[in-house]
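Visitor:
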Amino acid sequence: MNTGTGITLFPLLIKMDQDGIEFTHVYGGIGHVLTPRELPNPLWTRLHPFVSRLFEGEIQLFELTPKQTSRYRFIPQENVLKELSKEIEETLILTAWWMEWSQRKKVSSRDGWKCLECERYILRSEERCPDSHCVCRDILIKIKGEQKLKLVTTPPPVATTTSALKKTGTNHR
């Protein structure tokens, strides 16, 4: 999956924990580690079947190096998954992208950070790039799920009836 700019993401490591799948650790960036509970739910839902297969194959570590051509490394054996489907490959690259995005957001100064795709400045108070045409918006929807639009309504005007008005004995109300 080409994310647009061809930036090189940090390698993605998925380290299994013998205590169970919920203790899996996802490494991305320098010292950035998340567990399944800390990943966005839609992303973990996509990644879970792959991680389950790694557990079944008794894989201890999976490494993805997302460059122009992705490279994979399985420890201890490499023949567990002979070929990754395009969907799994996209999910892994989205996971690497999210790890980079969340790392930048986490360590950004209080002012913000640069978008991974267009390098525009993102304010810390914002969740996404200010460029409405930036591909990162589509990527974030794939990772975090559809963003629901909030329906903003104004309350209906309060109707006043003539009985509620005080009669003053003049034509004025």
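79 is the number that my numbering gives to position 10 of the sequence shown; each next residue is one higher, with no gaps.
For each residue, glycine too, the CB sits at the ideal point set by N, CA and C.
1) For G98, count neighbouring Cβ atoms within 10 angstroms of its own Cβ and tell me buried if that reaches 16, exposed if not.
2) Based on the DSSP output, what are the partners of W182 in its beta bridges?
3) Report the CB separation of E169 from L192 in whole angstroms; it is logged as a contact under 8 Å.
4) Taking only three categories from DSSP, how would you classify R197?
5) For R106 and E188, what's the separation of their Cα atoms in angstroms?
6) Could you name the residues that DSSP lists as bridge partners for E132?
7) Pairs of beta-carbons, one from the region 118–128 and one from the region 197–212, closer than 8 Å: are there three or more?
8) Provide the residue span of the alpha helix (DSSP H) that contains L108, from first to last.
9) So T40 packs on T104, CB below 8 Å; how close in whole Å?
Guide: Walking through what the data contain:
1) buried
2) I191
3) Not a contact, Cβ separation roughly 18 Å.
4) In the structure shown, R197 sits in coil (DSSP, three-state: anything other than H, G, I, E or B).
5) For R106 and E188, the distance between alpha carbons rounds to 29 Å.
6) L82 and R142
7) Touching, no.
8) Unbroken run through L108: none, as it is neither H nor E.
9) For the chain, the structure presents residues 70 to 242; residue 40 sits outside this window and is missing.
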